[in-house]
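Using our numbering, the first residue of the sequence shown is number 50, and each one after it goes up by one. Every residue gets a Cβ at the ideal spot worked out from N, C-alpha and C, and that includes glycine. No experiment lies behind these values; they were computed from the predicted model shown. Scroll down for the structure; my scribbles are underneath it.
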Amino acid sequence: MTYFKKYLGILLLFFLVLIKIQDGNFVMKIENISYDIYQSLFIKKSNFDEVVIVDIDEKSIGEIGQFPWRRDVFANLIERLNQYGVSVIAFDIFFSEKDRQNPKNILEEFNIENNNVLDSDQKLLEIIQKSNVVLPVLGDISMYNKDNSSKPKTNIILRGVDASNYIYSFKNKITSLDKLNNAAKGIGTISYLDSPDAVLRSVPIFLKIGNDTWPALSLETLRVLHGHKSILINSDETGINSIRTKKYQINPDPNAIVYINYKEFDKKNYIPAVDVLNMDIEANKIRDKIVIIGSSAQGLFDFVKIPNGDVIPGVQTHAHLIENIVNDDFIIKNIYTTIAENILLIISLIIVLIIPNKILPKYSIVFFSGLIVILMASSMVVYQFNYFVDVFYIILSSSLLFLTTLYFRYLRENEIALENEKKQVVLKQEREIAGEVQKKLFPKDFSDKNLIFAKNVPAKDVSGDYYDYISINKNEVYFTLADVSGKGVKAGILMANAAAVFRSMAKLEKSVSTIAKFINNQVADNSYQGMFITAVIGKLNIEEKEIEYINLGHEPIMIFDKDYNFEYLKSTLPPLGIMSMDDENFFQTNKVNIKDKNLMIYTDGVTEGYLENGQELEVKGLEQELINNKFKGTKEIIDHISKILTKRDAPLRDDVTCMVISGHNS
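Written out as structure tokens, the structure is:
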């Protein structure tokens with residue numbers, strides 16, 4: 050299981066990359082969502098007014114009559130456009146059958162001969178022959194052969210690998226009558242490729258129908274406009290690289306697909322067909338323009354949905370395509386953008402797999418948010434140059450891997466936390482045992498509590514403070530109070546060593562100086578990382594009320610009389626354990642008589658301890674407590690001090706240890 054967890058992130062990384070490389074429907078749906086969002090956010094207003102749509106709209110149908118119109122209506126429409134001086138006329142409408150409303154054909158059905166009657170098909174044919182007209186062709190997926198022999202008007206020059214291996218193909222076609230196609234200056238495909246969500250994002254700029262290669266209506270219209278004869282297709286083993294005319298170059302994807310950069314199309318470029326027929330428009334509005342004839346009438350159902358969510362007449366897509374070709378303004382989505390997406394995906398996944406395991410979880414969220422912002426910003430910047438690099442799949446995949454990584458990190462850290470908790474429980478038990486053992490090192494209450502009384506309140510399980518007193522005879526008592534630098538088990542162990550030396554040396558009735566020397570050397574030899582002990586070591590002569598003592602780096606010894614006049618005996622030597630000393634004379638003692646006085650020794654946990662109001666007791670505060678309460682005995686003093694320092698509902702700042710020796714007569 051541990052092995053599986055360790056490599057799951059790597060396996061997931063490869064799986065996500067594999068899905069992207071396969072480029073299945075799931076990836077395409079995500080890319081389409083991203084593409085549509087960008088098309089909506091960054092749509093620009095078109096400044097291209099070279100294309101005019103002559104619209105078969107409701108108004109035109111209402112005035113001219115039911116559609117399809119008789120062919121002479123279209124002939125008149127072309128003739129009017131020629132009079133206005135348009136450059137080229139492209140049809141988004143088929144004339145695939147003979148005109149059923151042709152007056153001549155109607156008379157022939159009744160065996161009536163009249164050479165003067167209108168032949169609408171012939172009239173349309175004649176006007177097409179005189180005009181720059183481009184007719185449409187549509188790839189047909191049905192197997193039925195329409196027996197249409199029309200051929201492309203364009204001379205296709207292939208350079209490199211056979212381009213027909215890469216472009217989309219259809220077996221049959223739907224187009225206008227052969228004689229009309231033969232008369233036209235160009236024929237272009239208006240085929241779209243099926244999209245699962247029926248949104249028109251891209252179109253083939255070339256199609257193979259049967260054995261022929263056909264250019265898109267937009268490209269064919271521009272070829273006719275400029276009088277070019279040929280179109281060059283460059284291709285290699287990766288697919289189609291570029292499509293060129295003398296004036297334009299198109300860089301499609303490997304299958305000759307281009308992605309339309311839709312613009313805000315100005316409705317003023319739509320002109321009702323009936324207005325053209327009635328010559329009811331300004332000439333400069335369409336003079337020298339490209340005209341596309343198509344329909345926006347609701348009843349003709351020629352509408353497509355585009356990425357920004359709008360539904361537009363199909364004829365308008367050809368206008369967008371022409372603008373994109375002229376301005377070299379397609380959205381570029383090809384093999385290079387795909388490579389960029391895959392590289393970004395791999396880099397992002399690797400970063401997401403590594404970084405969250407190296408930093409704190411709260412910083413991981415910041416890191417991942419920053420990564421998303423960088424990816425989005427980079428993609429949007431690149432889109433401004435018409436390159437579409439999809440980062441939505443990258444973000445989705447990175448999010449999945451990021452959450453997986455965090456989840457397994459949580460499991461791993463939870464396991465570590467549980468292990469640490471178990472260790473802490475064991476350590477706590479050990480500390481509690483050590484604390485119980487240490488308590489046994491402290492002496493029992495002195496036989497005469499009014500003479501000597503001491504107390505220790507540990508801040509933790511094990512105290513770093515220590516006190517002891519040993520009566521060696523009826524008149525003499527050895528005593529000590531000490532404080533180890535640091536807290537916890539290490540401090541307790543070091544203090545236990547010192548306590549053992551003190552007891553053994555005191556029982557041998559060694560001098561105070563000798564005891565200090567031996568404790569010092571023991572601490573110096575056994576201290577951990579420079580730990581030391583501050584201490585007061587002394588011997589009390591009960592009858593004479595005289596104390597011989599040494600203050601080794603400890604808090605000043607407090608002495609006060611019944612009138613609460615305070616004096617302090619400051620430290621004269623450094624703490625125990627700083628360095629070994631062989632010369633006993635170094636540990637010189639001092640003497641003080643405490644007749645009718647009290648001597649108080651305490652650790653810094655007393656003077657630096659917090660009262661209930663959150664303030665430190667301090668030396669002045671300790672003096673004031675003694676003055677205010679007029680204590681009678683040593684135990685009363687110690688119990689009161691420990692009570693006020695432990696009353697606050699918070700852990701102790703430090704061990705509280707103090708000792709009082711009375712010089713008053715019992």
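Report the partner residues of Pro356 according to the DSSP bridge assignment. For Pro356, which the question treats as bridged, DSSP gives no partner whatsoever.
Which word fits Glu80, buried or exposed, when buried means at least 16 other C-beta atoms lie within 10 angstroms of its C-beta? Glu80 should be labelled buried.
What separation, rounded to the nearest whole angstrom, lies between the Cα atoms of Glu665 and Glu657? So the two alpha carbons sit approximately 5 Å from each other.
Grouping DSSP H, G and I as helix and E and B as strand, with all else coil, what is Ile294? Reading the sequence as shown, one finds Thr at residue 294 and not Ile. Here Thr294 sits in coil by DSSP.
With distances taken Cα to Cα, identify the nearest neighbour of Lys153 among Val401, Ser291, Leu167, Asn647. The shortest C-alpha separation from Lys153 is found at Leu167.
Could you tell me the boundaries of the beta strand (DSSP E) in which Met708 lies? Unbroken beta strand (DSSP E) run through Met708: 705-711.
Ignoring anything shorter than 4 residues or poking outside the segment 421-458, list the alpha helix (DSSP H) runs there in chain order. Uninterrupted alpha helix (DSSP H) stretches at least 4 residues long and entirely within the segment 421-458 do not occur.
Three-way DSSP call (helix, strand, coil) for Ala584 in this model: Strand.
Could you name the residues of the same chain whose beta carbon sits closer than 6 Å to that of Asn546, not counting the 5 residues immediately before and after it, in chain order? Here the set comprises Gln571, Asn575.
Rounded distance between the beta-carbons of Tyr133 and Ile335, thought under 8 Å: With a Cβ gap of about 5 Å, Ile335 and Tyr133 count as contacting.
Got a sec, what are the start and stop residues for the beta strand (DSSP E) Gly343 sits in? Counting along the chain, Gly343 sits inside the beta strand (DSSP E) bounded by residues 339-344.
Sort out for me which residues DSSP pairs Lys504 with in a bridge. Answer is Cys707.
Quick check on the DSSP output: the alpha helix (DSSP H) that includes Ser244 runs from which residue to which? Per DSSP, Ser244 belongs to no alpha helix (DSSP H) and is neither H nor E.
Which class does Val760 belong to by DSSP, given the choice of helix, strand or coil? The requested residue 760 is not part of the displayed model; the chain covers only 50 to 715.
What is the DSSP secondary structure of Asp285, reduced to helix, strand or coil? Reduced to three states, the DSSP call for Asp285 is strand.
Are Pro321 and Asp106 close, meaning C-beta to C-beta below 8 Å? Yes. Within cutoff.
Have a look at Pro410, Ile643, Phe219 and flag the residue whose alpha-carbon is nearest the alpha-carbon of Thr453. Checking every option, the nearest Cα to that of Thr453 belongs to Pro410.
Answer yes or no: do Phe502 and Lys681 have a C-beta to C-beta separation smaller than 8 Å? For Phe502 and Lys681, no; Cβs fall outside 8 Å.
Which residue wins for smallest C-alpha separation from Leu184, given the options Ser225, Val353, Tyr311? The shortest C-alpha separation from Leu184 is found at Ser225.
Whole alpha helix (DSSP H) elements within the segment 659-696, 4-residue minimum: If we require 4 residues or more, the alpha helix (DSSP H) runs fully inside the segment 659-696 come out as 667-678, 683-695.
What separation, rounded to the nearest whole angstrom, lies between the Cα atoms of Val364 and Arg208? Each residue's Cα considered, the two are about 32 Å apart.
Residue burial classification, Leu65 (beta-carbon count within 10 angstroms, cutoff 16): Of the other Cβ atoms in all chains shown, 16 or more fall within 10 Å of the Cβ of Leu65; this residue is therefore buried.
Can you tell me where the alpha helix (DSSP H) with Val401 in it begins and where it stops? Val401 -> alpha helix (DSSP H) spans 384-403.
Can you find the residues in the same chain that come closer than 8 Å, C-beta to C-beta, to Leu450, ignoring five residues on each side of it along the sequence? Here Leu450 has Gly58, Leu61, Leu62, Leu65, Leu398, Val401, Leu402 as same chain residues with Cβ atoms under 8 Å from its own Cβ, once five neighbours each way along the sequence are excluded.
Tell me which residues share the same chain as Leu393 and place their Cβ nearer than 6 Å to its Cβ, disregarding the 5 neighbours each side in the sequence. Same-chain partners within the cutoff: Ile443.
Measuring CA to CA, which of Asn505, Ile299, Thr621 is closest to Ile280? Between Ile280 and the set Asn505, Ile299, Thr621, the nearest pair of CA atoms involves Ile299.
Buried or exposed, going by whether 16 or more other CB atoms sit within 10 Å of the CB of Asn327? That one is exposed.
Would you check if there are 3 or more beta carbon pairs closer than 8 Å linking the segment 218-238 to the segment 287-295? They do not touch, by the three-pair rule.
Any C-beta of chain B under 8 Å from that of Gly259: Absence of chain B from the displayed structure is noted, only one protein chain being present.
Taking Asp439 as the reference, give the member of Leu589, Ser512, Phe140, Ile86 with the closest Cα. Considering only Leu589, Ser512, Phe140, Ile86, the residue with the shortest C-alpha distance to Asp439 is Ile86.
For Ser89, tell me which candidate among Leu625, Lys354, Glu672 has the shortest Cα-Cα distance. Distances from the CA of Ser89 to each of Leu625, Lys354, Glu672 were compared; the closest alpha carbon is that of Lys354.
Is the CB-CB distance between Lys262 and His277 below 8 Å? As written in the sequence, residue 262 is Thr, which differs from the Lys given in the question. In this structure, Thr262 sits away from His277, with a CB-CB distance that is not shorter than 8 Å.
With distance defined between alpha-carbon atoms, name the residue in Asp610, Gly663, Val668 nearest to Asp698. Out of Asp610, Gly663, Val668, Gly663 has the C-alpha closest to the C-alpha of Asp698.
In terms of residues, what are the limits of the beta strand (DSSP E) holding Gly111? Counted as a single uninterrupted DSSP element, the stretch harbouring Gly111 is not any beta strand (DSSP E) but the alpha helix (DSSP H) occupying residues 107-113.
Can you check DSSP and say which residues form a bridge with Ala265? Per the DSSP secondary-structure output, Ala265 pairs in a beta bridge with Thr238.
CA-CA distance, Lys539 and Tyr577? Linking Lys539 to Tyr577 through their CA atoms gives a straight-line distance of about 8 Å.
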